[in-house]
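First comes the structure, then the notes that go with it.
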Amino acid sequence: MHNIDVLKISQHKINLLDLNRQDLYLFLASLGAKKFSTEQIMNWIYNHYCNDFDKMLNISKKIRTKLQERSYIFASQFIEERTSCDGTIKWITLIDHQKIETVYIPERKRSTLCVSSQIGCALKCDFCATGKQGFNRNLKVSEIIAQIWQANKKLKQKNITNSIRNIVFMGMGEPLLNLNNVVSALKIILDEHGFGLSKRRITLSTSGIVPALNKLSKMIDVCLAISLHASNDSTRDILMPINKKYNIASLLSSVLKYLKYSNANRGGVTIEYVMLKGINDSNKNAEQLANLLNNIPSKINLIPWNSFLGSPFVCSDAKRINIFAEILRNKGFTTVIRKNRGQDINAACGQLTGKIINRFKSLS
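Residue 191 in this note's numbering sits at position 191 of the sequence shown, and the numbers go up by one each step.
Here it is in structure tokens:
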């Protein structure tokens, strides 16, 4: 089924990729299916990548007929791809004439898939290309899940055995502004009959939507990453307008509440901090950051800023980043300088825009 075909049937049928296990169970019960059919169908979808009910031979013919009448299985397809010199792959999906990007980052022992949760982003962070393009809409559960579904299929077709063991919600959009759909997708990712990943292999990155973060702790448990990027409110107000609504103190208070209920974050929350020359990278900034995080179990991820067209920022030089990191380490913080991946294909942190470049290889 192609992207265009789904428009003909979506108004009258349910896409099963929109349903987590509980939702699927309720839907199947309405068709008269046995309870164990839920696990059987999930296995067909997420382990065999099957979207044809006729091939699900352990499901009764009666139920398969009802499924065909009331539902379908559709994963939005990648229409473009580009491969970096470092092995990173960026895929583009076209949804409602809008473009989203998904990034596969290979590692020696395990690989990571960076997924998007929105088309564009409403937060308008100054240093991020996605924020500069504006916001279009939230992704449906099926559109989030499709990124993983299609990525796994593509890797199998390429005979790439380094399978996806980590999933990070660090692509386009703010996940907590699409809370319900993201949580439902996370349930499928965690489910043993879904993608079956451990909660410690899934990271949700947020800029700090405090009310949604407070709700998240009661809904699901995954690793948390906080896009902090400043050591004081005055700087963060400029870089990240959301800080004017939810300042650093309120955000970190919410993080502490989340950690209280979380088993996934035993090593502490990840603090993401983009390094901007002359903006947030001084020794004083490092000292301020250490003071802010004094009571927050955390590890700090320093991110060399990735440039994009039209931005006035400059990345801190390597010496300055190393000094900044050393100050934090001397304060007792586990501090890592992120190795940027996929810069040559605009797939690195902060570069995702959904723009299709003519040099991309067509998958059609």
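Even glycine gets a Cβ: it sits at the ideal position worked out from N, Cα and C.
Per DSSP, L28 lies in no beta strand (DSSP E); the unbroken alpha helix (DSSP H) holding it starts and ends at 21 to 30.
Shown here, A225 sits in a strand according to DSSP, grouped into three states. Around the beta carbon of P175, 16 or more other beta carbons lie within 10 angstroms, which makes this residue buried. S234 sits exposed, since fewer than 16 C-beta atoms from the chains shown fall within 10 Å of its C-beta. Bridge partners of N15 according to DSSP: Y72. The alpha helix (DSSP H) runs of length 4 or more contained entirely in the segment 143 to 184 do not exist; there are none. Cβ contact annotation for Y246 (same chain, cutoff 6 Å, sequence separation greater than five): G208, V210, in chain order. Shown here, Q77 sits in coil according to DSSP, grouped into three states, outside any helix or strand. By the neighbour-count definition (other C-beta atoms within 10 Å, threshold 16), G134 is an exposed residue. The three-state secondary structure of K299, taken from DSSP, is strand.
Per the coordinates, the alpha-carbon of I248 lies some 45 Å from the alpha-carbon of H12.
A151 and L289 have their alpha carbons spaced roughly 37 Å apart. As DSSP reads the structure, V274 sits in a beta bridge with I303. Note on Q147: 16 or more other CB atoms within 10 angstroms of its CB, so buried under the neighbour-count rule.
L252: member of the alpha helix (DSSP H) spanning 248 to 261, first to last residue. The Cβ atoms of L31 and F53 do not sit closer than 8 Å to each other. Boundaries of the beta strand (DSSP E) harbouring L113: 111 to 114, taken from the DSSP string. Looking from the CA of D191, the closest CA among L28, G131, L26, N43 belongs to N43.
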